[in-house]
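S.K.: Chains as they are written, first to last, in the numbering used here: chain A, 13 to 315; chain B, 24 to 281.
For glycine and all other residues, C-beta sits at the position ideal for the given N, C-alpha and C.
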Ligand SMILES: Cc1cc2nc3c(=O)[nH]c(=O)nc-3n(C[C@H](O)[C@H](O)[C@H](O)COP(=O)(O)OP(=O)(O)OC[C@H]3O[C@@H](n4cnc5c(N)ncnc54)[C@H](O)[C@@H]3O)c2cc1C
Ligand SMILES: Cc1cc2nc3c(=O)[nH]c(=O)nc-3n(C[C@H](O)[C@H](O)[C@H](O)COP(=O)(O)O)c2cc1C
Ligand code: FES
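(1) To test your reading of the DSSP string, which unbroken alpha helix (DSSP H) runs of 4 or more residues are found completely within the region 130-200 of chain B?
(2) In or out: residue 223 of chain A buried (at least 16 other Cβ within 10 Å) or exposed?
(3) Excluding the 5 residues preceding and the 5 following residue 260 of chain A in the sequence, name in chain order all residues of the same chain whose CB lies nearer than 6 Å to its CB.
(4) Excluding the 5 residues flanking residue 38 of chain B on each side, which residues of the same chain have their C-beta closer than 7 Å to its C-beta?
(5) So what does DSSP say about residue 247 of chain B, is it helix, strand or coil?
(6) List, in order along the chain, the chain A residues whose C-beta lies closer than 9 Å to that of residue 32 of chain B?
(7) Rounded to whole angstroms, what is the Cα-Cα separation between residue 132 of chain A and residue 128 of chain B?
(8) Under 8 Å from any heavy atom of ligand 3, does the C-beta of residue 75 of chain B make it?
(9) Report yes if the C-beta of residue 17 of chain B is less than 8 Å from at least one heavy atom of ligand 1; otherwise report no.
(10) Count the other C-beta atoms from every protein chain shown that fall within 10 angstroms of the C-beta of residue 24 of chain B, then say buried if there are 16 or more, exposed otherwise.
(11) Is residue 259 of chain B close to chain A, meaning its C-beta is less than 9 Å from at least one C-beta of that chain?
(12) Residue 60 of chain A: buried (16+ other C-beta within 10 angstroms of its C-beta) or exposed?
(13) Between residue 127 of chain A and residue 175 of chain A, which are expected to be in contact by the criterion C-beta below 8 Å, what is the C-beta distance as a whole number of angstroms?
(14) At a cut-off of 8 Å, would you count residue 243 of chain B as near ligand 1, judging by its Cβ distance to the nearest heavy atom?
(15) Taking residue 255 of chain B as the reference, give the member of A/67, A/14 and A/19 with the closest Cα.
(16) On the criterion of 16 or more Cβ atoms from any shown chain inside 10 Å, does residue 323 of chain A qualify as buried, or is it exposed?
(17) Closer than 8 Å: is that where the CB of residue 255 of chain B sits relative to any heavy atom of ligand 2?
(18) For residue 264 of chain B, count the other beta carbons within 10 Å of its own beta carbon; 16 or more makes it buried, fewer makes it exposed. Which is it?
(19) By DSSP, does residue 57 of chain A sit in helix, in strand, or in coil?
(20) Would you call the region 71-88 of chain B and the region 229-236 of chain B in contact, with 3 or more CB pairs under 8 Å?
(21) Could you give the uninterrupted runs of the alpha helix (DSSP H) lying entirely in the region 179-207 of chain A, keeping only those of 4 residues or more?
(22) Applying the criterion that 16 or more other CB atoms from any shown protein chain within 10 Å of the CB defines a buried residue, is residue 54 of chain B buried or exposed?
(23) Got a sec, what are the start and stop residues for the alpha helix (DSSP H) residue 168 of chain A sits in?
(24) Hey, does residue 287 of chain A have any beta-carbon neighbour from chain B nearer than 9 Å?
(25) Looking only at DSSP bridge pairs, what is residue 48 of chain B linked to?
(26) What's the C-alpha gap between residue 89 of chain A and residue 83 of chain A?
(27) By the 9 Å beta-carbon criterion, what residues does the region 235-269 of chain B contribute toward chain A?
(28) Would residue 278 of chain B pass as an interface residue toward chain A - the criterion being a Cβ-Cβ separation below 9 Å?
(29) Quick one, which of A/38, A/244 and A/42 has its alpha-carbon nearest residue 287 of chain A's?
(30) How long is the line joining the alpha carbons of residue 165 of chain B and residue 245 of chain B, rounded to whole angstroms?
(31) So if I threshold CB-CB distances at 9 Å, which residues from the region 176-204 of chain B count as touching chain A?
(32) Using beta carbons (cut-off 9 Å, strictly below), is residue 171 of chain B in contact with chain A?
(33) Let me confirm a value: residue 167 of chain B is counted as buried when at least 16 other C-beta atoms fall within 10 Å, else exposed. Which label applies?
(34) Can you name the residues that DSSP bridges to residue 177 of chain A?
(35) DSSP on residue 87 of chain B, reduced to helix/strand/coil?
(36) Using only alpha-carbon positions, find the residue among B/237, B/221 and B/281 that is nearest to residue 210 of chain B.
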């Protein structure tokens, strides 16, 4: 038996495979297919202070080896989550991680304070990288001063493991990672989606109502992998890697590049079982390579 | 609610119904879950690198004895085209059962089912499953021309069929909403159901609404996941932005902001 237990600061995961925020709902939808306790963690859909209807339809466009989305953080707000959704999901035997969003620093603080009270939420992922909202979101994640400001304030009110989710839409992602590490982030997760766009040439119209949206899926994997490698070499805190992971080999590549754990996003749309298959695939890889623990492959890239 | 699953099916039939629609029959080697008219499956398109996401299709027929389901697939783009080209004996991977079906009629209902093209699939499934006498079920089918119509004689026992074509080559000339059955006797029906092009459904809905007749339509919004996690398929409703894949694809027209 190989040891798949993974630690992100004080947070212990039974395996290093998580689902990515916005691609696994509130865990219930996946639990319709299989027992979510098979997963290391489920990242919940992005939560904001107030109800958000999200962007207009169409919000999705298929692209080469991936897709663009412009969902825009549709959710019913943190109070609704606490009252109606949390009670239904709190007893799943996996780590539930809340993805916290805001238009202002005050929003982020208020949502974090409320989520921090929930005993069965294991950690908070601070999303400073959503490209699909007009105010806040990615704006916080693309400059060091604003990333520092929001992480600094949220850290004060967050007693849970604090993961900061980074935007790839920057010149130097390692610099932002170091900046949030300096403010007490326990971990960084990357990458969120890349800003992109798609056009219907015949109709001469954009395919998304918002014109631009976030690119995800295998199309972004090589860039995401490079960014995980750069961040791993720049910070001491654990790195959570994602971006186009479709199978166990992809996941292992991210871990070799330095990710302590991985998140699986768009692949779930293709097949909701992929995260579970990745857990098995990692176990199989470790056995084949005669390794005892998954931690042995983290950053084990030989150069 | 039955659990959702990802399952391989064998293609046992794949043949054209007319120049743009295909009939595809799939067989599973395990028992099928309960499937209802209006529900759909999400299909992984094999051997086609340009298609990344699955493609949703309504369930047309189900046979629990031999564990088969069939679909009517209209060739629209690369994914649907590929589906119609895959040979018998090949495997297709499906996610099912997805979505909520139509409100089944009650014994006393007289229903009008309005369909166009591949939108006939859930209408015929509903006609069969309704449990109503033939006289209580009217099907009004529209198409551009005679050659675009799908005529399935084996369904004659489930209801009375009326046809409309834009060019008048089959049935009455004009849109379904201009057909005499629709124009003059809509008030005879207690429930109206529609599936087909958006413009057709909107026209049907508007009239049913104005006459206060129960009306449900099946929407075909673009989908990424099909099971409620991505929030890409939303439709604005009186209850907010709802996922077509989980709260629909069937909606009562009174809930839609049309
Ligand atoms: C719940 C549901 C049930 C459906 N049932 C059936 C069915 O029984 N039979 C059937 O033939 N089709 C059905 N459809 C539609 C079918 O899913 C699409 O035709 C198919 O996904 C098109 O894929 P493609 O790769 O061939 O087209 P693509 O190459 O992806 O697209 C070709 C063009 O069509 C447009 N397009 C693609 N999908 C849609 C869509 N859903 N709505 C509007 N425009 C679209 C694209 O934007 C593009 O311009 C259903 C859709 C849904 C959501
Ligand atoms: C439809 C969709 C919705 C998303 N919503 C969120 C969200 O609410 N919060 C967030 O931090 N990331 C969100 N993301 C980004 C993913 O969590 C992930 O960072 C990104 O998709 C890259 O991983 P992937 O290629 O495996 O999908 C979303 C992605 C998609 C495709
Ligand atoms: S298609 Fe993903 S939520 Fe409906």
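M.R.: Straight from the coordinates:
(1) 143-152, all fully within the region 130-200 of chain B.
(2) Exposed: under 16 other Cβ atoms inside 10 Å.
(3) Cβ contact annotation for residue 260 of chain A (same chain, cutoff 6 Å, sequence separation greater than five): 290, 293 and 294, in chain order.
(4) So the list reads 45 and 46, once near-sequence residues are dropped.
(5) Coil, per DSSP.
(6) The premise fails here: residue 32 of chain B is roughly 15 Å from chain A at the closest Cβ pair, so nothing lies under 9 Å.
(7) Distance between the alpha carbons of residue 132 of chain A and residue 128 of chain B: 44 Å.
(8) Checking every heavy atom of ligand 3 against the Cβ of residue 75 of chain B, none is found closer than 8 Å.
(9) No answer is possible for residue 17 of chain B: the residues shown for chain B start at 24 and end at 281.
(10) Confidence in residue 24 of chain B is poor, its pLDDT being 46 and thus under 50, which makes the residue's placement unreliable; the coordinate value appears in the next sentence. So residue 24 of chain B ends up on the exposed side.
(11) True, the Cβ-Cβ gap to chain A drops below 9 Å.
(12) Residue 60 of chain A should be labelled buried.
(13) Actually they are not in contact, since the Cβ atoms of residue 127 of chain A and residue 175 of chain A sit about 13 Å apart, beyond 8 Å.
(14) The answer is yes for residue 243 of chain B.
(15) Nearest C-alpha to residue 255 of chain B among A/67, A/14 and A/19: A/67.
(16) Any question about residue 323 of chain A goes unanswered here, given that chain A covers just 13 to 315.
(17) Checking the Cβ of residue 255 of chain B against ligand 2 gives yes.
(18) Buried is the call here.
(19) Coil.
(20) Short answer: they don't touch.
(21) The qualifying runs are 185-194.
(22) It counts as exposed.
(23) First-last of the alpha helix (DSSP H) with residue 168 of chain A: 156-169.
(24) So no, residue 287 of chain A is outside the interface.
(25) Paired residue(s): B/36 and B/93.
(26) When rounded, the distance between both Cα atoms is 15 Å.
(27) Within the region 235-269 of chain B, the residues whose Cβ lies closer than 9 Å to any Cβ of chain A are, in chain order, 244, 245, 246, 247, 248, 249, 250, 251, 252, 253, 254, 255, 256, 257, 258, 259, 263, 264 and 269.
(28) No, residue 278 of chain B does not count as interfacial toward chain A.
(29) If we check each option's Cα against that of residue 287 of chain A, A/42 comes out closest.
(30) About 23 Å.
(31) Answer set for the region 176-204 of chain B: empty.
(32) For residue 171 of chain B, the answer is no, since every Cβ of chain A falls outside 9 Å of its Cβ.
(33) Per the 10 Å Cβ criterion, exposed.
(34) Under DSSP, residue 177 of chain A takes part in a beta bridge, and its partners are A/139 and A/201.
(35) In the structure shown, residue 87 of chain B adopts coil according to DSSP, grouped into three states.
(36) Checking every option, the nearest Cα to that of residue 210 of chain B belongs to B/237.
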